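Number of protein chains: 2
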Amino acid sequence: MKFLCTQENLNSGLALVGHVASKSTSLPILNNILLRTTQGGLELVATNLEVAITTMVRGKTEGEGTVTVQGRLFSEAVALLPHDKVELVVEGTTLTLICGRSRTVVRGMSADDFPVIPQVSGGTKFSLPADELGQAIASVAFTVNPEEGRPEISGVFLGNTEKHLVLVGTDSYRLAERTLSQSVTLPQSEGMIVPLRAAQEVGRVTQGAEGQEVIVVLGDNQVLWQIGDTQIVSRLVAGQYPDYRQIVPKEFSATVVVSREALAQAVRSASLFVRSGINDVRFSFETNAKAVKISSTNSQLGENTTELEATVEGEAAEVVFNYRYLLDGLQTINTKEVQVKVAGPNNPSLFEPKGETGYRYLIMPIRQ
Amino acid sequence: MKFLCTQENLNSGLALVGHVASKSTSLPILNNILLRTTQGGLELVATNLEVAITTMVRGKTEGEGTVTVQGRLFSEAVALLPHDKVELVVEGTTLTLICGRSRTVVRGMSADDFPVIPQVSGGTKFSLPADELGQAIASVAFTVNPEEGRPEISGVFLGNTEKHLVLVGTDSYRLAERTLSQSVTLPQSEGMIVPLRAAQEVGRVTQGAEGQEVIVVLGDNQVLWQIGDTQIVSRLVAGQYPDYRQIVPKEFSATVVVSREALAQAVRSASLFVRSGINDVRFSFETNAKAVKISSTNSQLGENTTELEATVEGEAAEVVFNYRYLLDGLQTINTKEVQVKVAGPNNPSLFEPKGETGYRYLIMPIRQ
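Chains as they are written, first to last, in the numbering used here: chain C, 8 to 375; chain U, 8 to 375.
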């Protein structure tokens, strides 16, 4: 097998797939990337058994063949080459990489031992703008914690609401929901749960694909995402996603509008004095006041209080939040002001971008 | 005690001294910064018993006093404040920090428990340009490894050579020497050994002091560095620095001139295939050749060879280096080309900036 291409093309392809090739000690072949020449170019494949990613590098094939090589070593070797033409020669399981006056020999493994990548065919097919999907994943996936031990919330939920697609993430302490502009009706009325790692990979690939479309193919237990020359396949999480809408309060006792950046800065200041393991910061305001107060007290270290200009409509309240959840949400919302809907100290509060629809971030308070 | 200043001034002062306040579990007072109001302003002091640093924050003193507070907490609290006026009030061991509508209370400890900072008086006094000293420290200190277990090379050596000051660092595997432009004669004919941590602090402070002078006061066992309003005091390492000049080869068998960046890149490529724990990269060339070869072989992973355009004057040689030492030196030299003087495979090689004097970096080869 022989293949000719530019260093830039090979490097981009490896950057896309190399991320999935994991450091697996139990199954060393998973550290490898599969290279396969086709008439269209060089196919690169990586998988961690949960997610598989395939991409195509454009170039000139002279003789077909296939091999697998250690992903990280090969990616680093290619990244260090000058921006020049690269020649790949495979003999047996040995890959030789020639670029200018640099010659690299990488000892590989046979492609026969590489896992078979499942094919997703049939099923429902729809497409989404890559930008919007990528941003939506980024704005909900950070709430998901697969270590929580509850499989049904270990992934990103993709569901329907009033004819729009929604993406949801939660770790049961906070929840993020993004409504997409597309009106797609999913065949599974309960929606589907995409494993976190797969969702993150789709998010990563879509971020470099501005202006492109993502084609989604839904199989019975699997989902395929096609972005340009790149395909991501993953299983779906079995189980039913919790009916999260029922935890959103129906009525709120107050709505606060405050500068997002000033609130984040005040929370950071208060966070210096939180009690370790509890991370509690107080968010309080008077009825129809013009200010909110963020504070924290620690009997050993001291205390911090910041008052911020704000618009309060409704009744006085004092709610205690984990400051990390607050900062995560304030980093994801990107409007100048944030709107906080409060339903008392024992119910979840809702954080929304002021003046924008389609996103809401819910935090469960710490009960006092 | 009460003190008024700008957030910027207080923040800069804390950034200077806060670095020295260590995370000491055995002696918690060392985590603290001492604050002392004087007529000139607010004095900030931190020490780790090896190095002490003192700086002055300009501002308005209303009532004198002193306290110590946890360095990291206080520095972070100040850094998060807006660029505005700051008021510090100390009552007992409690410090209150007021800035706009933010109020922070920090519980401190009495200044009585804070270590006494030694005074360095008398002795020799000379001054050096801050820029030059800072760069010189950065270009030799990275070679010093206090973990080596040999106290006499655990610091940066400051000595005389032909009426010029020299700074030297070594870990016995490689050595860096920088000659300063000043003609200063040290009273101790054998020079002095500055603990690494102290040298690093002087380097850090001088980097923000372009165009200023550093006044050095040499005591018997101590040295004081004065940079503007900041003073660094440290002990000197007892013992005699090795006569490092005798390990520099008197004659070389070849001189190679090669692009610094291309050589570093080739070494990085070869480093992917080094044998773990040995880190050996081969540097070889033919007699009076127009190229050098950098290569590495690993029976399990594979191999890499890069040929680079170069000018070789002298006899063929093959020398094996630890690639980390090579990269460290190539990062420190900042000329376009590097000149490598080789004295065979078993003697140290000398790396110098091509076209510049005053710096040399010596690497002991790995014997084959």
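Ideal Cβ positions, reconstructed from N, Cα and C, are used throughout, including at glycine.
None of these values were measured; they are calculated from a predicted model.
- By the criterion of a C-beta distance shorter than 7 Å, A86(C) is surrounded in its chain by N18, once the five residues flanking it on both sides are discounted.
- Burial is judged here by how many other beta carbons sit within 10 angstroms of a residue's own beta carbon; I144(C) has at least 16 and is buried.
- For S82(U), the nearest beta carbon of chain C is not closer than 8 Å to its own beta carbon.
- The continuous beta strand (DSSP E) containing G162(C) extends over residues G162 to T168.
- Counting only the Cα atoms, T75(U) lies some 9 Å from D119(U).
- L21(C) has a beta carbon lying at 8 Å or more from every beta carbon in chain U.
- In this structure V326(C) does not touch S303(C) by the C-beta definition: roughly 13 Å separates them, more than the 8 Å allowed.
- Within the region 99–160 of chain C, the runs of beta strand (DSSP E) at least 3 residues long that lie entirely inside it are, in chain order, 101–106, 109–114 and 131–136.
- Every unbroken stretch of the beta strand (DSSP E) spanning 3 or more residues and falling wholly within the region 297–371 of chain C is given here in chain order: 298–305, 309–321, 324–329, 344–349, 356–360 and 366–370.
- Counting C-beta atoms within 10 angstroms of its own C-beta, P360(U) has 16 or more neighbours from the protein chains shown and is therefore classed as buried.
- For L270(C), there is no enclosing beta strand (DSSP E); the residue is part of the alpha helix (DSSP H) that begins and ends at R267 to S278.
- Looking from the CA of N305(C), the closest CA among T294(C), V299(C), E293(C) and L279(C) belongs to L279(C).
- Within the region 23–71 of chain C, the runs of beta strand (DSSP E) at least 3 residues long that lie entirely inside it are, in chain order, 39–45, 48–54 and 58–64.
- Our two residues, E159(C) and A245(C), have alpha carbons roughly 7 Å apart in a direct line.
- For the region 313–347 of chain U, the set of residues with a beta-carbon nearer than 9 Å to any beta-carbon of chain C comprises T313, E314, L315 and E316, in chain order.
- With a cutoff of 8 Å on beta-carbon distance, L56(U) and P122(U) are scored as near each other.
- DSSP, reduced to helix, strand and coil, places R79(C) within a helical segment of the structure shown.
- Ranked by Cα distance from G25(C), the first of V93(C), G78(C) and G66(C) is G78(C).
- L270(U) sits buried, since 16 or more C-beta atoms from the chains shown fall within 10 Å of its C-beta.
- Burial check for I285(C): the Cβ neighbour count within 10 Å stays below 16, so the residue is exposed.
- Nearest CB-CB separation between L279(C) and chain U: below the 8 Å threshold.
- Residue pairing by DSSP places S241(C) opposite V58(C) and V230(C) in a beta bridge.
- The beta carbon of E310(U) sits closer than 8 Å to some beta carbon of chain C.
- Going by beta carbons, G20(C) and L51(C) fall inside the 8 Å limit.
- In the structure shown, A84(U) adopts helical secondary structure according to DSSP, grouped into three states.
- Under the three-state reduction of DSSP, G218(C) is assigned to coil, being neither helix nor strand.
- Fewer than three Cβ pairs drawn from the region 129–147 of chain C and the region 108–117 of chain C lie within less than 8 Å of each other, which leaves the two stretches out of contact.
- For V112(U), the chain C residues whose Cβ falls inside 7 Å of its Cβ are G309 and E310, in order along the chain.
- The three-state reading of DSSP puts L174(C) in strand, counting E and B together.
- Remark: C-beta atoms of C12(C) and G47(C) do not approach each other more closely than 8 Å.
- A straight-line Cα-Cα distance of about 57 Å links V127(C) and L308(C).
- Rounded to whole angstroms, the Cβ separation of L37(U) and S31(U) is 4 Å, and the two are in contact under 8 Å.
- Neighbours of L42(U) across chain C, judged by C-beta separation under 9 Å, do not exist; the nearest C-beta is about 14 Å away.
- With respect to the C-alpha of E169(C), the residue from P153(C), K92(C) and S188(C) having the closest C-alpha is S188(C).
- Only exposed fits N228(C), as fewer than 16 other CB atoms lie within 10 angstroms of its CB.
- The beta carbon of L87(C) falls within 8 Å of a beta carbon belonging to chain U, placing the residue at that interface.
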